[in-house]
Amino acid sequence: MSNIVPSNEPNNTSSSSETSISSPITSTSTEHKPALRRNRPGTKLEDAYQFPHISLDQIDSAFALQEYLQSLIRANRENIDALVELPAGQDKETWQYEHLRQLCLELNYLVIQLEAECTSQTCPEMKADDWQYLCAAHQAPLNCCAIDYIVHTLDGATTLLNSHKYFPSRISIPETSLKHYQSIARRLYRIFAHTWFHHREIFEAFENENMLYARFLKLSDRYELIAKNLLIIPYNNNINDNQDTHNNHNNESSEIFSRDME
Amino acid sequence: MNIDVDPSKELNDEVPNDSLTLGQLRKIVKQFPNKQKAKEIAFIYADNDNLSSEIDEFYSYVEISQCIENKKAFEEGFDESWATCTISERRTYIEYLLETLELKDPDKRFLTAKKLLYIAQGTFGESTSPEHHLELIVENNKLLRKCGALLSYFQALKLACRAHDHYSRPDFISDRQAYIDDINTEIGFCLTLLYMLVEVHRGDDSFGSELVELDPPMSVFLFEIIASLREKEKNAKGYPVKKLLLLSWKVVLVSLGGSNDIQKLKDVVRLINGLAPIHNKEFLIKTTPIDYHTFQNEVTQKYPTYVPPPCPVIPMPPITTNQFPSNVNSNDMSTQNSSSNNSTTNSNSSKSRKQQFQTNQRQPFIFPFSKSTPTVPKSIQEAGDLYLKFMYTSLGTFQCWKEKEEMKKQQFGLTNNETLYDEKNMINCEKEMSTGSDMEAQVTKKDREKLDRIELLYRSILPHMQNIVIVLLKLLLATVSSNPNNVKVNDNSDNIAKESATNNVCSSSDGNSDSSPGGSSIEEIDVTRHREITSKAVSAILLLMLKHLKLSHILKFEYVSQLLVDSNCLLLILKMFGLQDVSLTIKAKNEVDDLNFFRYCSNINNDKHKSGKTFDNNLSDNKNINILNDNKRMDDSNLDDNNDNNDAIVDSDYCWRNFFSAINFLRILQKLTKKKTHRILLLVQYKSSAILKRILKVSHPLLELYALKVLKNQIPFIGRKWRQSNMKIITSIYLHCRPDLRDEWIASSDADAEIEDALPQEQNLRALIKFYNERNYMTRDYQNGFLYDNSRNSPDIFPPYHTKPLNYVNSAYITDDIMLDESFLSNWEQWLQDEVYSFSLTKPHLDIVDEYYNDDISLAFPTAGDGSEWDTPITPPIEGRDPFTSLEWENLTSTDIKTFEQSFKTNGYKLSYNNDDIERKMETVTLDDDKDTTYCWPDEILGPLAPNEVEIWQPTPYQSDAED
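Structure follows, in structure tokens:
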């Protein structure tokens, strides 16, 4: 390749790569066509995204990492290890961030599948196995049905990931925002769990096609996003101990101690 | 010209024989053996107590048994030993717990919360000693933080609080109390978890920013909860208020910083504002630009030939904050400008009797003019130079002045580029500013961030500020009023505490059997302790808030202090001091050692085999106490070593929290009243001198200093007799309070003028605060907040000066023409709502006014306040004398408006504030609390004190000193 793009080093100053959006235009003057990886208006579905997979440092874009990840997924979504593996010279944090973004994007496809089957009649409560969750998206605690809960959770995660306050840049992640990864992952996991326990067919069909849960599991395992005992979907060799979950049932009624105000 | 304090030693080599310098006096006093002085108390003021006692105080005795349940719950869910687990195993379990904290089933959540609590409380089952326990607490909470517990806790707290809001809505009927009890328990859990986390990370800056980065910032959220308690009063039973307060205090401390940070930031803010940093911290004597201005006026009157050197930084004093007498008949243009607001109060009649028989001091004196002599006596010139030499422009004065300029610009309709005053001043000022901007480079990003945090906090809680203040004061009131025999109880419990200290067996058995005679006393102690801790938290929150806001902008501070004063904070604090004997309360020990958290936990450990409900006092327990006590002793002895050169024997027997809150309250008093004659007069009226005098019995330099400062403010207004009979106090003020160069506290030259000036001064200050808040904070974001939305076309009968062209009709509404009362001006909306709109079904229409302002009367007013909104008038309109009722709103003509205006001029609203009244009270003080002689508090006031509770303080039996 005759491309003379400076290699994308980690923490390459944000300004330079942020402003390089215009660079594809300049690169059209050279004979380097594939750098312009766009779906032109009018592209047919079967022709869309038919870009060759190129290595990360060849991508000349403000969102190189995202494009690289998507390109990887398109290339082979079954090779999960390769998908999750940190690209050389990249930040662990930014890589996780892109994965979580991608996860949110792709989970939307799952929601579309679920919508047909999971309604407020069939699943009036957000449940996964014995775990039942409270929707955190409302002013007053509200009993959201499962599909609402899923949509709210997905919206919440998307909003958080796109929030300028916590994630002002996609090149470096402020350290204080890292703690959100775990909570996002935990919440997204509930969507998988609900689907697995209550809409097994959809889960399996979706999983066969996308391998999304497998990827998620790998990611969470690789970067310690979710504690092992929280993975309640029995899958592969992931055998969890539900001991504590069951303990929760036979708890004594709680007493009320608080008497703070006269 | 009155410099009664020797300004500097270097300038005074020869001291006249008939006067003493401060230094000489100090020497003399030192020579006397101070036998009458009690042992000095070894209390050292700090932002907070040490970690273990702060944790101890968080748990009240009734709920201490929860610890056992937490332990049980944890052990049922986690079989292994926490201590031997690997970090990753612990993390896994914690993450599992945090996940289950979001479950829907409240019982499961409770159970999880208990398990988490046990971890946060240091898995005390595995601790070997209280010290080890403390280490475990720190270690576990650090781990919890790493696992992202803060987010989960906060999420849980938010959900619980929303649920509480939901259940306490009036339309929620079914079995409310049961729901609320559950929710209260849950809120209690969350607060406890958060408190442990915050307390362990106190002083950790990165944790502070984590708290701020939550959405909303934790401090904002907590203050909003506090504010919401006001509406939910009926449902507040069982709400863990003490925990809420303690947590809010600590969150503010962690996220905004303590007094050290404030000290550091002060210089930074000065830099930002273009003021020189404080060069010499031990600057003994100061003058303010205001003092200098007064001096200039006085001298130029007497010596018209004197040309004073210009004042740096501030060419003119901000009238609102000073005691700048308005009846100085100045020939100086600038004063006429600045005192134009005061022009009504200018009067030549207020000459005191004394002056009639003396030569007029104010008569100009032309110095014999010749080329060889200077134009003024040398001493005058020297005085001017001295003023400049010791000039200190405080941040507050500067900010106030700038805001005043801004306000004037608006009044005169100038745009930002135009200036009001001659170029010279501005150049002067700009020079200062430009040097400032150079220095701004030194301001670090971190400092700015901290200032932004304060700004953010103020901006977000501004709409709730009134409620916050009221709730805090109400809680404070609850700590005093419910038990009139407070002191007695203190005495009792003091004895009990002593007993229990000497006789551990007895007290521990008392602690656990309710039927025994001692059982009730444990409860009593718990209640008193609870009160003490509440009042400690409130005092700390208030003081911290005032300090931080003052740092950010003086008018933010002034706004909060105005709210506090309006809510009777002064009276409340005095009442508190009046009802307790400070010298006793600071030594009161309302503690049952065995029920304190650390002790209790170690007791549980030692009685593992027993049922935890009863425990014996075995030897190891005693050892533990001894260790704790030894530690304390060690600390104390260290202190002693530090103070070795002080011969005074120190007394290490004191109650930290009571001492702390006593000092805080005195500081709040001082902050609220400093240089504000109107409020000082209130203090005088409440006869605070007797109360403060009692505080002076306690021998502690800091406590004394603040009591003396508050006293010093009042001395010009207290009768001469009092001064004569209290020379001891006056001497100690002289010894301990830092004097200013111009300091007329012993005998004010013109107390009458100051009293007369007090009200306009207060009013001007309020106008300025209002202007500041409106200018900076009244934006679209606050539509449902405290003010109507400025951006829409709200009913605007008195529009801002610059918005509309003047013409015949609305020129009648320029305030310069009508002298409307200040309180009315700031509250006309409220007034309209109460007096006009609420009386007619069809809304009156001001046709004429309408034309010009395009009123949108259908716009909903903010819901009518109950008279306690942020801007409630000090005196509500008086029935019958209301000139507006005579108006026919239906067909109003311009002549009507004229007559209305006229009637307003003649019998407009005034504060029922009478100088004669005050004077009479000062001279002939009677102790009746007859409504006529007390300060006229309007009935629907304002603040936590119901009218029947507003009483003039009355001497309690043990008060012996005869007053006046």
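These protein sequences, in sequence, are chains A and B. full-length UniProt numbering puts the first residue of the first sequence at 1, with every later residue one more than the last. full-length UniProt numbering puts the first residue of the second sequence at 1, with every later residue one more than the last. Ideal Cβ placement from N, Cα and C applies to all residues, glycine included. All values reported here derive from a predicted model rather than from experimental measurement.
With distances taken Cα to Cα, identify the nearest neighbour of residue i among the options.
{"i": "B/Ala753", "options": "B/Thr677, B/Glu822, B/Leu705", "result": "B/Thr677"}
{"i": "A/His152", "options": "A/Leu72, A/Trp131, A/Cys135", "result": "A/Cys135"}
{"i": "B/Lys30", "options": "B/Ala758, B/His736, B/Asp743", "result": "B/His736"}
{"i": "A/Leu154", "options": "A/Ala214, A/Gln102, A/Pro174", "result": "A/Gln102"}
{"i": "A/Ala214", "options": "A/Tyr68, A/Leu160, A/Ala48, A/Arg77", "result": "A/Arg77"}
{"i": "B/Leu472", "options": "B/Leu572, B/Arg459, B/Ile554", "result": "B/Leu572"}
{"i": "B/Phe78", "options": "B/Ile262, B/Ser394, B/Leu111", "result": "B/Leu111"}
{"i": "B/Pro310", "options": "B/Leu244, B/Val251, B/Gln381", "result": "B/Gln381"}
{"i": "A/His198", "options": "A/Ser220, A/Thr122, A/Thr158", "result": "A/Thr122"}
{"i": "B/Ala42", "options": "B/Cys655, B/Arg738, B/Leu229, B/Glu99", "result": "B/Cys655"}
{"i": "B/Thr192", "options": "B/Lys378, B/Leu157, B/Leu543", "result": "B/Leu157"}
{"i": "B/Glu186", "options": "B/Thr731, B/Tyr706, B/Tyr239, B/Leu570", "result": "B/Tyr239"}
{"i": "A/Asn143", "options": "B/Gln763, B/Ser567, B/Leu159, B/Leu669", "result": "B/Leu159"}
{"i": "A/Leu188", "options": "A/Pro52, A/Leu110, A/Arg222", "result": "A/Leu110"}
{"i": "B/Lys556", "options": "B/Leu246, B/Asn776, B/Leu669", "result": "B/Asn776"}
Would you mind reading off the limits of the alpha helix (DSSP H) that contains residue i?
{"i": "B/Met196", "result": "176-200"}
{"i": "B/Ser129", "result": "First-last for B/Ser129: undefined, no H or E at that position."}
{"i": "A/Pro174", "result": "Here A/Pro174 belongs to no alpha helix (DSSP H), and DSSP marks it neither H nor E."}
{"i": "A/Glu67", "result": "64-75"}
{"i": "B/Cys67", "result": "66-77"}
{"i": "B/Gln761", "result": "751-777"}
{"i": "B/Ser583", "result": "582-585"}
{"i": "B/Ser689", "result": "688-695"}
{"i": "B/Arg720", "result": "720-725"}
{"i": "B/Tyr600", "result": "597-606"}
{"i": "B/His700", "result": "Counting along the chain, B/His700 falls outside any alpha helix (DSSP H), and DSSP gives it neither H nor E."}
{"i": "B/Val376", "result": "Looking at the DSSP string, B/Val376 is not in any alpha helix (DSSP H), and its letter there is neither H nor E."}
{"i": "B/Ala662", "result": "656-673"}
Could you compute how far the alpha carbon of residue i sits from the alpha carbon of residue j?
{"i": "B/Gln121", "j": "B/Arg679", "result": "46 angstroms"}
{"i": "B/Tyr179", "j": "B/Tyr167", "result": "7 angstroms"}
{"i": "B/Lys402", "j": "B/Glu558", "result": "15 angstroms"}
{"i": "B/Asp494", "j": "B/Asp593", "result": "With a pLDDT of 41 at B/Asp494, under the threshold of 50, the modelled position of that residue is not reliable, and the figure given next carries that caveat. Each residue's Cα considered, the two are about 13 angstroms apart."}
{"i": "B/Phe404", "j": "B/Lys770", "result": "With the sequence shown as reference, residue 404 of chain B is identified as Lys, and Phe is not the correct amino acid for it. The straight-line gap from Cα to Cα measures roughly 12 angstroms."}
{"i": "B/Asp56", "j": "B/Gly396", "result": "39 angstroms"}
{"i": "B/Tyr96", "j": "B/Phe597", "result": "27 angstroms"}
{"i": "A/Lys179", "j": "B/Lys693", "result": "54 angstroms"}
{"i": "B/Ser60", "j": "A/His164", "result": "42 angstroms"}
{"i": "B/Leu20", "j": "B/Lys550", "result": "37 angstroms"}
{"i": "B/Lys409", "j": "B/Gln399", "result": "15 angstroms"}
Reducing DSSP to helix, strand and coil, say where residue i ends up.
{"i": "B/Thr305", "result": "coil"}
{"i": "B/Gln399", "result": "helix"}
{"i": "B/Asp171", "result": "coil"}
{"i": "A/Met211", "result": "coil"}
{"i": "B/Leu20", "result": "coil"}
{"i": "B/Lys286", "result": "strand"}
{"i": "B/Glu923", "result": "For B/Glu923, the predicted structure reports a pLDDT of 41, less than 50, and the residue's modelled location is therefore unreliable. A value from the coordinates is still provided. B/Glu923 falls in the helix class under three-state DSSP."}
{"i": "A/Lys127", "result": "strand"}
{"i": "A/Glu117", "result": "helix"}
{"i": "A/Gln50", "result": "coil"}
{"i": "B/Gln714", "result": "helix"}
{"i": "B/Glu591", "result": "coil"}
{"i": "B/Asp651", "result": "strand"}
{"i": "B/Glu102", "result": "coil"}
Quick check on residue i - is its C-beta less than 8 angstroms from some C-beta in chain D?
{"i": "B/Arg657", "result": "Here the protein chains are A and B, and chain D is not one of them."}
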